[in-house]
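Here's the structure, in structure tokens; my notes come after.
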Amino acid sequence: MTGLQWWQSAVFYQIYPRSFADGNGDGIGDLPGIIARLDYLADLGIDAIWLSPHYPSPQFDCGYDVADYSGVDPEYGTLDDFKQMLDEVHQRGMRLIIDLVLNHTSDQHSWFLESASSRENPKRDWYIWGDGPPNDWLSTFGDSAWEYDEGTGQYYYHYFFKEQPDLNWRNPEVKAAMFDAVRFWLDMGVDGYRLDAIGTVYEDPAMPAHNTGLTVAELRRRKEEAKTDADRRAARELWDQVFGCQVNQPEVHDLMKELRTLVDEYDDRVLVGETSLIGFYGDGTDELHTVFNFPLMRLERLTAAGIRDNQQERLSALNALARVGWPCNTLGNHDAPRTFSRFGDGENDDALARLSLGLVLTLRGTPFLYNGEEIGMIDLSLDDISQFRDELGIWLYNAARRDLGLPAEAALQLAIDGSRDRCRTPMQWSADANGGFCPSGVRPWLPVHPNHADGVNVADQLNHAGSLLSYYRALLKLRRESPALVGGDYTPLQSDDPDLLVFLRATPEQTCLVALNFSGSAAVLEPDAALPAAGRVLMGTPHRREGDELALAGLTIAPFELLICEM
Ligand code: GLC
Numbered sequence: 180m181t182g183l184q185w186w187q188s189a190v191f192y193q194i195y196p197r198s199f200a201d202g203n204g205d206g207i208g209d210l211p212g213i214i215a216r217l218d219y220l221a222d223l224g225i226d227a228i229w230l231s232p233h234y235p236s237p238q239f240d241c242g243y244d245v246a247d248y249s250g251v252d253p254e255y256g257t258l259d260d261f262k263q264m265l266d267e268v269h270q271r272g273m274r275l276i277i278d279l280v281l282n283h284t285s286d287q288h289s290w291f292l293e294s295a296s297s298r299e300n301p302k303r304d305w306y307i308w309g310d311g312p313p314n315d316w317l318s319t320f321g322d323s324a325w326e327y328d329e330g331t332g333q334y335y336y337h338y339f340f341k342e343q344p345d346l347n348w349r350n351p352e353v354k355a356a357m358f359d360a361v362r363f364w365l366d367m368g369v370d371g372y373r374l375d376a377i378g379t380v381y382e383d384p385a386m387p388a389h390n391t392g393l394t395v396a397e398l399r400r401r402k403e404e405a406k407t408d409a410d411r412r413a414a415r416e417l418w419d420q421v422f423g424c425q426v427n428q429p430e431v432h433d434l435m436k437e438l439r440t441l442v443d444e445y446d447d448r449v450l451v452g453e454t455s456l457i458g459f460y461g462d463g464t465d466e467l468h469t470v471f472n473f474p475l476m477r478l479e480r481l482t483a484a485g486i487r488d489n490q491q492e493r494l495s496a497l498n499a500l501a502r503v504g505w506p507c508n509t510l511g512n513h514d515a516p517r518t519f520s521r522f523g524d525g526e527n528d529d530a531l532a533r534l535s536l537g538l539v540l541t542l543r544g545t546p547f548l549y550n551g552e553e554i555g556m557i558d559l560s561l562d563d564i565s566q567f568r569d570e571l572g573i574w575l576y577n578a579a580r581r582d583l584g585l586p587a588e589a590a591l592q593l594a595i596d597g598s599r600d601r602c603r604t605p606m607q608w609s610a611d612a613n614g615g616f617c618p619s620g621v622r623p624w625l626p627v628h629p630n631h632a633d634g635v636n637v638a639d640q641l642n643h644a645g646s647l648l649s650y651y652r653a654l655l656k657l658r659r660e661s662p663a664l665v666g667g668d669y670t671p672l673q674s675d676d677p678d679l680l681v682f683l684r685a686t687p688e689q690t691c692l693v694a695l696n697f698s699g700s701a702a703v704l705e706p707d708a709a710l711p712a713a714g715r716v717l718m719g720t721p722h723r724r725e726g727d728e729l730a731l732a733g734l735t736i737a738p739f740e741l742l743i744c745e746m
């Protein structure tokens, strides 16, 4: 595989530590649990892990409220456990990137406790304080973005929960302290960072009001209830109008350049941004290495036409950079619905799950998978607000009752749709009690989905050739062995077909044809000057035989088939 960096050819797998594997039997995932499952991940065929926050934290936002950037949450283990995990990841030829939350800390971080202790404290200006409240800005996770502090009689700014005060990145001491933490983990050997909510780091210093009079509950309701593309666009535009001055300020690019310079002092580390904006690539080499193609994940349905347009738009923007940017595709994470639920149609879910994996593993770019996807874990609908653990869901429920005046049932539905608990339930390792996540008799931090008893678990699928897990392993192996799928150019064919997505991936050494039929009807590969005459089957689900030579023009592609041929 020539000329690619490790992070370009890698398949990443996101571990949500609270829910992945419980090593000490307390109902909460931890680092020893992860270490015990590294062989599983190596066998699955992934190359790199993205670990969601492992830092000490009050866990108000499941670790995205960091109380110490150089430690490990005691619930998850010790620094020695972390070092052992990192070593063992590396011993297996894999890489590990961790989460970096720059925008805010926990309100329990010593920096904030000092900052809030008096107006004269040297760390006062590490956070954003004002009188008033200074304007009508909102928190994306709540009500006002300004929280009154009794002790000092001022308000502090928080884009997320009030338990997550925003750092003042215009203060050079903040940058120095955070960059020390960045070095701490890089010195230890961590392979890079996923940058949390990176667009939120700066706010417009003029702090103009949005003056819409809207609440976040209302904005979120409009997003959830949007039925048509036009509704969705309108809801998104309204959201941007309200939050526009709180995100994506120009200075963030200077910060990214400085961070990149720091990271480039090390051998080959990577920065992945939680943003979809191409601007975060800088000139292609001087800001982030890659950012997520979230517009793909946000397509209402996966259709050939929608994916083709998405690729056209993303790849041409990346190609237009001074140095061509590298794409990164994902369909699910700890903030989004489970892909199996999200892209299923209720009848062909398994086939659609196979297609969506086929898609992220064959498109040009680095794929990110989310733990549990490989066994077809689905969203869990909690049926009582007392079971919710995601404070966003709990807030939404209360706000729907209070601000929108919704009855309990409708408020619960809004909370279920907007809460992230549904995709964060414990990993289902077996059909045993608690899905094998934690011992029977122990209450896991979130309920385990009952379908662990019906085959949606690792143990049952591991040695079953037809299982989704076996399919993941086979496709990951195929990708790894196919230079064209890893690094090849992308050339779409049959560009008007609404159902069949067809493209070529080609390097000098190999050309592959990929056809994905997103419909329940058979489709046909149309003759085209660019379509190779024949191909050898590498994988064709559900019915092709590997190695068969196929004449391609006029070939019938079965409903929901994924066909990968080599020329
Ligand atoms: C990111 C994380 C999300 C978190 C938020 C605030 O979007 O993915 O889980 O709540 O940032 O840190």
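Counting from 180, one number per residue, gives the positions in the sequence shown under my numbering. Built from N, CA and C at the ideal position, the CB exists for glycine as well.
Within the stretch 297 to 375, the complete alpha helix (DSSP H) runs of at least 4 residues fall at 351 to 367. Pairing Phe-616 with Pro-626 gives a Cβ-Cβ distance that is not under 7 angstroms. Taking every protein chain shown into account, the CB of Gly-537 has 16 or more other CB atoms within 10 angstroms, so this residue is buried. Under the criterion of beta carbons closer than 8 angstroms, Trp-290 and Trp-305 qualify as touching, at roughly 5 angstroms. With respect to the C-alpha of Glu-397, the residue from Thr-686, Arg-724, Asn-527 and Thr-319 having the closest C-alpha is Thr-319.
Checking the DSSP bridge columns, you'll see Thr-545 partnered with Cys-507. Put simply, of Ala-484, Asp-201, Leu-438 and Gln-333 the residue whose alpha carbon is nearest the alpha carbon of Glu-254 is Asp-201. The residues Pro-662 and Ala-663, in chain order, have a CB closer than 6 angstroms to that of Gln-689 in the same chain once the five nearest residues on each side in sequence are set aside. Residues with their Cβ less than 5 angstroms from any non-hydrogen atom of the ligand GLC, running along the chain, are Asp-240, Tyr-243, Phe-339, Asp-375, Ala-376 and Asp-514. The stretch 557 to 565 and the stretch 582 to 601 touch, with no fewer than 3 CB-CB distances between them shorter than 8 angstroms. Leaving aside the five residues that flank Asp-596 on each side, the residues in its chain whose CB is nearer than 7 angstroms to its CB run, in chain order, Glu-403. In the same chain as Asp-226, and ignoring 5 residues on each side of it, the C-beta atoms closer than 7 angstroms to its own belong to Ala-189, Val-190, Met-273 and Arg-274, in chain order. By DSSP's assignment, Glu-728 forms a beta bridge with Arg-715. When C-beta atoms of the stretch 500 to 517 are compared with those of the stretch 471 to 478, three or more pairs fall below 8 angstroms, so the two segments count as touching. If you ignore the 5 residues before and after Pro-706, its C-beta comes within less than 8 angstroms of the C-beta of Ala-732 and Gly-733, all in its own chain and listed in chain order. Judged by DSSP secondary structure, Ile-573 falls within the alpha helix (DSSP H) whose first and last residues are 570 to 581. Non-local beta-carbon contacts of Asn-203 in its own chain, meaning distances under 7 angstroms to residues more than five positions away in sequence, involve Asp-209 and Pro-211 in chain order.
Close CB contacts of Leu-217 within its chain, under the 7 angstroms cut and outside five residues either way in sequence, are with Glu-267, Val-268 and Arg-271 (chain order). Excluding the 5 residues flanking it on each side, Val-431 has same chain C-beta neighbours closer than 6 angstroms at Val-380 and Tyr-381, in chain order.
In the structure shown, the three-state DSSP call for Glu-745 is strand.
Per DSSP, Arg-684 is one residue of the beta strand (DSSP E) stretching across 679 to 685. Between the C-alpha atoms of Phe-363 and Asp-240 there is a straight-line separation of about 23 angstroms.
Contact annotation, Ala-610 with Asn-577: C-beta distance approximately 37 angstroms; criterion of less than 8 angstroms not satisfied.
Glu-453 is positioned such that its CB atom lies closer than 7 angstroms to that of Ile-377. Counting of Cβ neighbours within 10 angstroms places His-233 among the buried residues, the total reaching 16 or more. Judged by DSSP in its simplified three-state form, Ala-189 adopts coil rather than helix or strand. With a contact defined as Cβ atoms closer than 8 angstroms, Leu-583 and Arg-543 miss out at about 43 angstroms.
Less than 7 angstroms divides the Cβ of His-283 from the Cβ of Asp-345. In the DSSP assignment, His-722 is bridged to no other residue. Relative to the Cα of Trp-185, the nearest Cα in the group Gln-333, Arg-448 and Met-357 belongs to Arg-448.
Rounded to whole angstroms, Ser-296 and Gly-330 show a C-alpha spacing of 7 angstroms. Secondary structure at Leu-591: helix, using DSSP grouped into helix, strand and coil. Contact between His-288 and Val-245 holds, since their C-beta atoms are separated by about 7 angstroms, short of 8 angstroms.
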